[in-house]
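Report on the following structure.
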Amino acid sequence: MLSRRNLMFAASGIAATALAPRLTLAAAATATTSTPVGPFTLEPLPYPANALEPFIDARTMELHHDRHHATYVSNLNTIAKDYPQIVDMLPVDALERLAELPDPIRTGVRNNLGGHANHAMFWTIMKAGGGSPSGGVAAAIDRDLGGMERLMSDFNTAGGRVFGSGWVFVTVARDGKLTIETRPNQDTPLMDGKRVLFGNDVWEHAYYLNYQNRRADYLKAWWNVVNWTEIGNRYVAARAGTLAF
Ligand code: MN
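Heads up: the sequence shown at position 222 corresponds to 1245 in the numbering used here, and the numbers run straight through without jumps.
Shown next as structure tokens:
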């Protein structure tokens, strides 16, 4: 009998990065010493750490992926030792049903699985060279967000207004409608049953080495490294109900 996980995976023909049924698929062969050991694993960056320079510097990428993201994964593995049921849950289900989780782990799952899902998304929707949207997602941006210039302006404004640490996202509804939304800390629209088309991390750890307090400059520069091919794939997957995180 096919599990729901397998069904979700089999239903898709596009980018595995966006569709990994669980966030636990890293190949052991690619493990490094900084890779957490346990049921939750840290995928390597899909490009060299310096690939996004000069917009995001290599040291920031190394610390962000190998320390910050790795810590969320390690924390999840610690939680999983006593609560192995979280390993078998789809991340979207665990995050959507936080209220049903045992009291001692609810906040830990919210912060660390939220952080894992947010960062797993984040690495894949960037690439060297950037580009521009096409196809269905480009049409949706024109229709719902007033076109690319308006999207970039509104997204940067929203990201700039996040007080303290958090994220700015574009969410996609099942009918394809796009919305700009922000969340504090490692919260994610997945917690509200929504799907993330893409998002930018506005925690200081995402930009401080290169931009210091100039978050607005980071937000503006970030558009140079957005991977519109992957975002186009995510848009199709979200509409098909197969986008896993
Ligand atoms: Mn981060």
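A virtual CB, placed ideally from N, CA and C, is assigned to each residue, including glycine.
Computed from a predicted structure; not experimentally measured.
- For PRO1207, the enclosing beta strand (DSSP E) begins and ends at 1201–1207.
- Just so you know, the alpha carbons of VAL1060 and LEU1113 end up roughly 19 Å apart.
- Taking 9 Å as the cut-off, the Cβ atoms of ARG1262 and GLY1199 count as close.
- For ARG1166 and ASP1210, the gap between their C-alpha atoms comes out near 27 Å.
- Distances between the C-beta of ASN1135 and the heavy atoms of the ligand MN are all 8 Å or more.
- Three or more beta-carbon pairs drawn from the stretch 1134–1151 and the stretch 1242–1251 are found closer than 8 Å, and the two stretches are therefore classed as touching.
- Minimum Cα-Cα distance from GLU1227 among the listed residues ALA1239, GLY1216 and LEU1220 corresponds to ALA1239.
- Look at the beta carbons and you see the stretch 1130–1145 touching the stretch 1092–1106: at least three pairs across the two are nearer than 8 Å.
- By alpha-carbon distance to ASN1208, the top candidate from GLY1187, LEU1124, GLY1182 and PHE1192 is GLY1187.
- ASP1224 sits buried, since 16 or more C-beta atoms from the chains shown fall within 10 Å of its C-beta.
- Cβ neighbours of TYR1230 within its own chain (closer than 6 Å, five residues either side excluded): TYR1241.
- Apart from the 5 residues on each side of it in sequence, PHE1178 sits with its Cβ closer than 8 Å to the Cβ of VAL1191, VAL1193, ILE1203, ASN1223 and LEU1242 in its chain, given in chain order.
- Apart from the 5 residues on each side of it in sequence, VAL1160 sits with its Cβ closer than 7 Å to the Cβ of ILE1254, GLY1255 and TYR1258 in its chain, given in chain order.
- Along the length of the stretch 1090–1170, whole alpha helix (DSSP H) runs at least 4 residues long occupy 1093–1105, 1108–1111, 1114–1119, 1126–1147 and 1158–1168, reported in chain order.
- Counting along the chain, the unbroken beta strand (DSSP E) around GLY1189 starts and ends at 1189–1195.
- Here TRP1245 has ASN1223 as same chain residues with Cβ atoms under 6 Å from its own Cβ, once five neighbours each way along the sequence are excluded.
- Closest by C-alpha distance to GLN1235, out of ALA1072, LEU1065, ALA1074 and ASP1080, is ASP1080.
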